[in-house]
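**Student:** Following this message is one structure expressed as C-alpha cells.
Number of protein chains: 2
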Amino acid sequence: MRSSTGALLPDLVGVMDARAPLHRQLYARVRGAILDGVFAPGHRLPSTRTLAADLGLSRITVESAFTQLRAEGFVVRRVGSGSFVADVLPDHARPPGRVARSARAPAPARRPALSERGREIVRSALAPEPAGVKVFQPCMPALDAFPQAVWSRLLARRARRRGTALLAYGEAAGHRPLRQAIAAYLASARGVRCGWEQVVVLAGAQQGIELAARVLLDPGDEVWHEEPGYLGARGAFRTAGATLVPIRVDDDGLDVAAGMRAAPRARIAYVTPSHQYPLGVTMSLARRLALLAWAERAAAWIIEDDYDSEFRYNGRPIAAVQGLDGAERVIYVGTFNKVMFPSLRLAYLVAPPDLVRAFVAARALSDGHPPVHVQAALTDFIEEGHFGAHVRRMRALYEERRDALVAALEVHVGSAMRIGVADAGMHLVGHLPRSVDDEAIVGAAAAQGLGVGALSRQYLGRSASSGLLLGFTGSPPDAQRRGARALAALLGSRRG
Amino acid sequence: MRSSTGALLPDLVGVMDARAPLHRQLYARVRGAILDGVFAPGHRLPSTRTLAADLGLSRITVESAFTQLRAEGFVVRRVGSGSFVADVLPDHARPPGRVARSARAPAPARRPALSERGREIVRSALAPEPAGVKVFQPCMPALDAFPQAVWSRLLARRARRRGTALLAYGEAAGHRPLRQAIAAYLASARGVRCGWEQVVVLAGAQQGIELAARVLLDPGDEVWHEEPGYLGARGAFRTAGATLVPIRVDDDGLDVAAGMRAAPRARIAYVTPSHQYPLGVTMSLARRLALLAWAERAAAWIIEDDYDSEFRYNGRPIAAVQGLDGAERVIYVGTFNKVMFPSLRLAYLVAPPDLVRAFVAARALSDGHPPVHVQAALTDFIEEGHFGAHVRRMRALYEERRDALVAALEVHVGSAMRIGVADAGMHLVGHLPRSVDDEAIVGAAAAQGLGVGALSRQYLGRSASSGLLLGFTGSPPDAQRRGARALAALLGSRRG
Chain S
145 MRSSTGALLP DLVGVMDARA PLHRQLYARV RGAILDGVFA PGHRLPSTRT LAADLGLSRI
205 TVESAFTQLR AEGFVVRRVG SGSFVADVLP DHARPPGRVA RSARAPAPAR RPALSERGRE
265 IVRSALAPEP AGVKVFQPCM PALDAFPQAV WSRLLARRAR RRGTALLAYG EAAGHRPLRQ
325 AIAAYLASAR GVRCGWEQVV VLAGAQQGIE LAARVLLDPG DEVWHEEPGY LGARGAFRTA
385 GATLVPIRVD DDGLDVAAGM RAAPRARIAY VTPSHQYPLG VTMSLARRLA LLAWAERAAA
445 WIIEDDYDSE FRYNGRPIAA VQGLDGAERV IYVGTFNKVM FPSLRLAYLV APPDLVRAFV
505 AARALSDGHP PVHVQAALTD FIEEGHFGAH VRRMRALYEE RRDALVAALE VHVGSAMRIG
565 VADAGMHLVG HLPRSVDDEA IVGAAAAQGL GVGALSRQYL GRSASSGLLL GFTGSPPDAQ
625 RRGARALAAL LGSRRG
Chain D
145 MRSSTGALLP DLVGVMDARA PLHRQLYARV RGAILDGVFA PGHRLPSTRT LAADLGLSRI
205 TVESAFTQLR AEGFVVRRVG SGSFVADVLP DHARPPGRVA RSARAPAPAR RPALSERGRE
265 IVRSALAPEP AGVKVFQPCM PALDAFPQAV WSRLLARRAR RRGTALLAYG EAAGHRPLRQ
325 AIAAYLASAR GVRCGWEQVV VLAGAQQGIE LAARVLLDPG DEVWHEEPGY LGARGAFRTA
385 GATLVPIRVD DDGLDVAAGM RAAPRARIAY VTPSHQYPLG VTMSLARRLA LLAWAERAAA
445 WIIEDDYDSE FRYNGRPIAA VQGLDGAERV IYVGTFNKVM FPSLRLAYLV APPDLVRAFV
505 AARALSDGHP PVHVQAALTD FIEEGHFGAH VRRMRALYEE RRDALVAALE VHVGSAMRIG
565 VADAGMHLVG HLPRSVDDEA IVGAAAAQGL GVGALSRQYL GRSASSGLLL GFTGSPPDAQ
625 RRGARALAAL LGSRRG
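Those sequence lines, one after another, are chains S and D.
Each residue of the first sequence is one higher than the last, beginning at 145 in the working numbering.
Each residue of the second sequence is one higher than the last, beginning at 145 in the working numbering.
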C-alpha cells in the first residue's frame with residue numbers, strides 16, 4: 145500500500161462547489177478519503193505540485209489544504225520523501241463505526257441512551273406550544289394589542305447605548321434595576337413583602353418551579369400537587385425524583401386538611417392561589433393561613449405560582465400568600481411572558497432570604513441569566529409607566545373578551561357545557577359531562593385550528609373530570625364567536 | 145372582644161403615604177391589625193360611614209378598602225349588624241410566626257432547608273463574574289470592538305416588525321432559521337456534520353453541559369473530567385450526582401489511555417479538544433480517534449465543548465471531533481457569548497439524532513427558549529455577513545493582543561513565569577513554580593482590578609500546578625502592559 149496512487153485523487157475530488165473555498169473542499173475530501181480507508185495509514189500522497197497540475201488548482205490552494213491536514217495529524221511530511229497518511233495508532237486509526245470489528249474485540253456495551261432522569265424527562269415532555277396564536281389557546285395574551293413600537297424603541301436604545309456596560313456578563317440573579325422594579329411592583333400590586341435582593345430574574349415561571357424542585361427536593365420527597373393541576377410543575381417535580389401527592393381542589397382552592405392527611409411530611413406544596421390552574425378558583429383566606437401554618441410546622445416549602453394574577457375582573461387582585469407569610473416558607477413565582485408577550489422570556493421568583501444563594505447558584509450553573517439589554521429595556525418599560533398602562537388596558541380588554549366568550553358559549557353551546565369560575569385570569573373551564581371524551585374534542589378542535597386544552601389531562605389520579613380549557617384573551621370577540629359555533633358543532637356531533 | 149373599638153383605627157391608620165392610593169393603604173393597615181391580633185376574630189368593625197368621618201377619608205375610599213378585605217376573607221358582613229373580623233378556623237386564624245405556640249402544639253420539624261442536590265449546588269457555586277471588564281479576565285471578548293450600531297439596528301427591526309409572529313411562543317429547540325444558520329456555519333467552519341434538526345439553541349455553553357448531565361447521568365455514574373478542567377462543567381456533573389474521575393491532560397490533550405484505565409465504564413467524557421480549558425493545548429488526532437473508539441465500545445457519550453474554537457492564530461481552526469464521529473456519540477457544544485458579547489446569552493448544542501427529543505424536553509421543562517427576537521436578530525447578523533466579518537476582525541485583533549501580552553510578560557515578568565501554549569483561544573496560562581501560591585496572587589491582583597484566574601483551582605486532585613489564567617482578548621495592549629507590570633511587582637514581592 146506504500147505506493148503513490150495520486151491518480152485516485154482527481155476522482156475523489158470530483159466536482160468542486162463554487163461557493164466554498166477550494167482549499168477547504170480539497171482538505172475535506174482528502175480527509176474523507178483517509179477516514180474512509182481509501183488512503184491507508186502510511187500511504188504516500190502525491191506532491192503538491194503534481195496535485196495542483198492534475199486538479200487544475202493553484203499550488204497555494206493545495207499547499208493550504210495540506211498544511212491543515214498536517215496540523216490535524218492526518219498527514220505527516222517526511223523530509224526528502226514527501227507527504228504520507230499518518231501512521232496513527234493501529235487500534236484507533238479510523239473512526240469507530242467504519243472499522244470492521246475484529247472477532248476478539250469486545251462487543252459494544254449495551255446500556256440505555258438516557259439516564260433514568262432523562263427517561264422521566266421524555267415521559268414528562270410538555271406538548272409543544274402551537275406556532276402563532278390559536279383561538280381559545282390558554283394563557284395567550286392579546287398580541288395584537290401589545291405596544292410593539294414603544295417596546296422596540298426601548299430595546300434599541302438599550303442595545304445601542306454608548307459604552308459596553310450592558311455587553312459584559314450580567315449578574316446571575318438578574319439585572320439589578322429590574323430586580324428593584326419587580327420588588328416595588330410586587331409590593332404595591334400583589335402585597336408581596338420582600339427586599340429586591342430576594343428577587344431572581346428568570347426566563348419563565350416554569351424555570352422558577354424547576355429550580356425550586358432541584359434545590360429543595362431529594363428523590364422520594366413528597367409534593368402536594370393540586371388535583372387538577374399544572375402539567376409543567378408536575379414534570380419539574382417528577383424529573384427531580386419527587387413523589388407527587390394529588391390534593392383535591394374545591395371552591396376554596398387546595399384542600400389543606402386533605403393534604404395534611406395524605407402527606408403531612410411533604411416537602412413542597414405547589415399552589416396557584418390567585419387563580420387556580422386550571423379550575424380558576426381563588427384560595428380562601430382560611431386555607432391560605434392553614435397552608436402557611438402547616439408549612440411552618442412541617443418545615444415544608446410553599447411554591448406560590450401567581451402566573452396570571454394581574455387580571456381580576458371582579459374586585460381588585462387578591463394579595464399574595466407570600467405577603468401573609470411570617471415564617472419565610474413561600475417561594476413566590478410570577479412571569480412577564482403572559483402580561484407582555486410569550487417570546488419575551490422574562491419572569492421572576494421571590495425567595496426567602498435563606499434560599500436566595502442556592503437559587504442563584506443553581507441559575508448560574510444551569511443557564512446564567514437572560515440577555516441583559518432585554519432586562520434593561522423591560523426595566524425602562526416598567527419605570528416609564530408603560531407596563532402599568534398596558535396591564536390596565538389589558539384588564540379592560542380581557543374583561544370584554546371574557547364577556548364575549550361567555551355570551552357566545554351560552555348562545556351556541558348552551559347546556560352542553562357548564563361554564564366554570566371566570567372572574568380572573570386568562571382562561572375559563574367549560575365543564576362537560578363525564579361521558580364526553582374531552583381529549584377527543586380537543587383533537588377534533590385542533591384540526592379546525594382551535595387551541596383548546598383538555599381538563600382531564602390536568603389530573604394525576606383516575607377520577608378526572610371532563611372539560612375544556614378555553615383561553616379568552618388571545619383572540620377578538622368575533623373569532624371567539626366563530627370558535628364557539630365550531631365547538632358547539634363538535635359537541636353536538638359527539639353527543640349524537 | 146365582640147365590642148366596637150373603632151377608636152383604635154385612627155391610631156392604626158396613622159400617617160398616610162401621599163403616593164399610594166388611600167384605599168390600598170387603609171386596606172393594608174386594617175389587614176395588618178387583623179394579622180397582628182389587634183383585631184381578634186369576631187371583632188366588630190365600625191361602619192364605613194363612621195370610619196370615613198373619623199379618618200377624614202371619603203366614604204368611597206373606605207368602602208373600597210372594605211370590599212377588598214371582604215373579598216380576601218379577612219372581614220365578613222352580617223346583614224343588619226355590620227362588618228366583623230372573620231371567624232377563621234381557630235387553629236389557623238393567624239399567620240405562623242406571629243402566633244404564640246401552645247404547649248401542646250408539635251414543635252416545628254427540623255430538616256435542612258435544601259435538598260442534598262441543593263447543598264451540592266451551593267458547594268459547586270461558580271464565583272460571580274466581575275462587573276464590567278477586568279484586565280486579564282479570561283474569555284472576555286473585545287467589547288469595545290463589537291459593532292453595536294449594526295446589532296441594535298437588527299434587533300430593533302425584529303422587535304418592531306409588523307405582525308405578531310415573533311411575539312408568540314417560540315420552539316423549545318430554538319428559532320428555526322437560527323438553527324439552520326448554525327448548522328451551516330458549523331459545517332463550513334468546524335467540520336461538524338449535522339442536520340439543522342440536531343441543533344438546540346441555548347443561553348450558554350454551560351446550559352448544554354448541564355442539560356447533558358441531567359439527561360444522560362444517573363447518580364453514581366462516572367465522568368472523565370480533564371485534569372485540570374473547567375469548573376462549570378464540574379459543577380454540572382456533580383449536581384447531577386456523578387462521580388468525577390480526573391484524567392490528566394498532556395501536550396496532546398486528554399490522555400485517553402489513562403481514562404480507559406481509570407474508568408473504562410464511564411458514562412461521559414467531557415473534553416475541550418480545540419483549545420483545552422485551561423491549558424490551551426489541542427487534542428491530537430490519535431487521541432481524538434481513540435476517544436471515539438472507546439466511546440463507541442463503552443456506549444459512553446463525549447461532550448465536546450468547543451467554547452472558543454473560532455480563534456486560532458497559527459494555521460486554520462482544527463475541525464471538531466464531532467465531524468470524525470461515525471457512531472453518533474458526540475454532543476457538541478458551542479457559544480455566541482464569547483464571539484459576540486457575554487450578555488447576549490445565545491449558544492447551541494448539536495445532539496446525535498437519538499438524543500434531540502430528550503434535550504428539547506429538558507429545555508422546555510426548565511426554561512423554554514431564549515427571547516425570539518434576539519434569536520431572529522442573530523440570524524440576520526449571521527446571514528448578512530456581519531458575523532463572519534466580526535470573527536475575522538477579532539481573530540486579527542486578538543492575535544495582536546496576544547502578541548502584546550506575551551511581549552509584556554517577557555519584558556516585565558521574565559523568568560518568574562513560563563508562558564504556556566498560546567496559539568489559539570482567548571487566554572494563556574502563565575505557569576509558576578509550585579512554591580508560589582497562585583490563589584494569593586489572584587487575590588492581590590483582584591484588589592488592583594486585574595481579573596486573572598488561578599490555575600490550581602481548576603484541578604480536582606491534589607497535585608495541582610500553580611499558575612495564572614491570563615485573558616488577552618478583552619483589553620488593549622497598553623492596559624495589558626500596565627497589568628503585566630503590576631503582576632511582576634506582585635510576583636516579585638511574593639518571592640522576596
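Glycine included, C-beta positions come from ideal geometry on N, C-alpha and C.
Here the structure is a predicted model, which means the values were calculated and not measured.
Where does residue 146 of chain D sit, in a helix, a strand or coil, going by DSSP?
**Tutor:** Only weak support is given to the placement of residue 146 of chain D: the predicted model assigns it a pLDDT of 34, under 50, and the question is left unresolved by the model.
**Student:** Is the CB-CB distance between residue 546 of chain S and residue 568 of chain S below 7 Å?
**Tutor:** No, these two residues do not count as a Cβ contact at 7 Å.
**Student:** Starting from the Cα of residue 514 of chain D, find the closest Cα among S/621, S/491, S/218 and S/258 and give me that residue.
**Tutor:** Ranking S/621, S/491, S/218 and S/258 by Cα distance to residue 514 of chain D puts S/491 first.
**Student:** Reducing DSSP to helix, strand and coil, say where residue 372 of chain S ends up.
**Tutor:** Reduced to three states, the DSSP call for residue 372 of chain S is coil.
**Student:** Are the C-beta atoms of residue 219 of chain D and some chain S residue less than 7 Å apart?
**Tutor:** False, the Cβ-Cβ gap to chain S never drops below 7 Å.
**Student:** To be precise: take each residue of the region 380-401 of chain S, compare its Cβ to all Cβ atoms of chain D, and keep it if any distance is under 7 Å. Which residues remain?
**Tutor:** So the list reads 380 and 383, given in the order they occur along the chain.
**Student:** Which residues does DSSP pair with residue 227 of chain D in a beta bridge?
**Tutor:** DSSP, once it has assigned bridges, lists D/189 and D/221 as partnering residue 227 of chain D.
**Student:** On the CB-based measure, 16 or more other CB atoms within 10 Å of its CB, does residue 267 of chain S come out buried or exposed?
**Tutor:** Residue 267 of chain S is exposed by the Cβ-count criterion.
**Student:** Whole angstroms are fine: how far does the CA of residue 465 of chain S sit from the CA of residue 318 of chain S?
**Tutor:** Roughly 24 Å between the two C-alpha positions.
**Student:** DSSP three-state label for residue 534 of chain S, please.
**Tutor:** Three-state result, residue 534 of chain S: helix.
**Student:** Look at the alpha carbon of residue 350 of chain S and the alpha carbon of residue 512 of chain S, and state the distance between them as a whole number of angstroms.
**Tutor:** Each residue's alpha carbon lies about 16 Å from the other.
**Student:** Please check if any C-beta of chain S sits within less than 7 Å of the C-beta of residue 343 of chain D.
**Tutor:** No, residue 343 of chain D lies away from the interface with chain S (no Cβ there is under 7 Å from its Cβ).
**Student:** Please list the residues of the region 460-489 of chain S that have a C-beta atom closer than 7 Å to any C-beta atom in chain D, keeping them in chain order.
**Tutor:** Listed in sequence order: 460, 462, 463, 468, 469, 470, 471, 485, 486, 487, 488 and 489.
**Student:** Taking Cβ positions only, does residue 271 of chain D come closer than 7 Å to chain S?
**Tutor:** No - not a single Cβ of chain S is within 7 Å of the one on residue 271 of chain D.
**Student:** Counting beta carbon pairs with one atom in the region 318-337 of chain D and one in the region 352-367 of chain D, are three or more of them shorter than 8 Å?
**Tutor:** Judged by Cβ distances under 8 Å, the region 352-367 of chain D makes no contact with the region 318-337 of chain D, as fewer than three pairs qualify.
**Student:** Are any of the Cβ atoms in chain D nearer than 7 Å to that of residue 205 of chain S?
**Tutor:** Judged by the 7 Å Cβ criterion, residue 205 of chain S is not in contact with chain D.
**Student:** Bridge partners of residue 418 of chain S, per DSSP?
**Tutor:** Bridge partners of residue 418 of chain S: none, in fact.
**Student:** Beta carbon of residue 552 of chain S: closer than 6 Å to some heavy atom of the ligand SAM?
**Tutor:** Ligands displayed in this structure: none; no statement on the ligand SAM is therefore possible.
**Student:** Contact defined as beta carbons within less than 8 Å: I believe residue 485 of chain D pairs with residue 285 of chain D. What is the distance between those atoms, to the nearest angstrom?
**Tutor:** Right, their Cβ atoms sit about 6 Å apart.
**Student:** With a Cβ-Cβ cutoff of 7 Å, do residue 277 of chain D and residue 532 of chain D count as a contact?
**Tutor:** For residue 277 of chain D and residue 532 of chain D, no; Cβs fall outside 7 Å.
**Student:** Would you check if the region 368-379 of chain S and the region 419-428 of chain S touch, i.e. whether three or more CB-CB distances between them fall below 8 Å?
**Tutor:** Touching, yes, given that three or more Cβ pairs across the two stretches are closer than 8 Å.
**Student:** Confirm, please, whether the CB-CB distance from residue 304 of chain D to residue 519 of chain S is below 7 Å.
**Tutor:** Cβ distance not < 7 Å, so residue 519 of chain S and residue 304 of chain D don't count as in contact.
**Student:** Buried or exposed: residue 582 of chain S, going by 16 or more other Cβ atoms within 10 Å of its Cβ?
**Tutor:** That one is buried.
**Student:** On a CA-only basis, which of S/216, S/622, S/169 and S/192 is nearest residue 397 of chain D? Give me that one, please.
**Tutor:** Of the listed residues, the one whose Cα sits closest to residue 397 of chain D is S/216.
**Student:** Using C-beta distances below 6 Å, list every residue in its chain close to residue 633 of chain D, excluding the 5 sequence neighbours before and after it, in chain order.
**Tutor:** Nothing meets the Cβ criterion.
**Student:** Near residue 541 of chain S, which residues of its chain fall below 7 Å by C-beta distance, leaving aside the five closest residues on each side in sequence?
**Tutor:** 286 and 289, listed in sequence order.
**Student:** Just how far apart, CA to CA, sit residue 195 of chain S and residue 497 of chain D?
**Tutor:** Whole-angstrom Cα-Cα distance: 38 Å.
**Student:** Which residues in the same chain have their Cβ closer than 6 Å to the Cβ of residue 697 of chain S, if we skip the five residues on either side of it in sequence?
**Tutor:** Not covered by the structure: residue 697 of chain S. The range shown for chain S is 145 to 640.
**Student:** Along the alpha helix (DSSP H) that carries residue 438 of chain D, what are the first and last residues, could you check?
**Tutor:** Counting along the chain, the alpha helix (DSSP H) containing residue 438 of chain D begins and ends at 429-442.
**Student:** Do you know how far the Cα of residue 551 of chain S is from the Cα of residue 536 of chain S?
**Tutor:** Their Cα atoms are separated by approximately 23 Å.
**Student:** Is there contact here, the region 206-215 of chain D with the region 456-463 of chain S, by at least three beta-carbon pairs under 8 Å?
**Tutor:** Short answer: they touch.
**Student:** From which residue to which residue does the beta strand (DSSP E) around residue 394 of chain D run?
**Tutor:** Run containing residue 394 of chain D: 387-394, per the beta strand (DSSP E) assignment.
**Student:** Closer than 8 Å between beta carbons: that is the criterion. Which residues of the region 510-538 of chain D meet it against chain S?
**Tutor:** Going along the region 510-538 of chain D in chain order, one finds 510, 511, 512, 513, 514, 515, 516, 517 and 518 with a Cβ nearer than 8 Å to chain S.
**Student:** Mapping the DSSP letters down to three states, classify residue 610 of chain D as helix, strand or coil.
**Tutor:** In this structure, residue 610 of chain D counts as strand in the three-state DSSP scheme.
**Student:** So which residues on chain S does residue 581 of chain D lean against when the C-beta distance must stay under 8 Å?
**Tutor:** Within 8 Å Cβ-Cβ: nothing; residue 581 of chain D doesn't reach chain S, min ~26 Å.
**Student:** Is it the case that the Cβ atoms of residue 400 of chain D and residue 431 of chain D are separated by a distance below 7 Å?
**Tutor:** Contact: yes.
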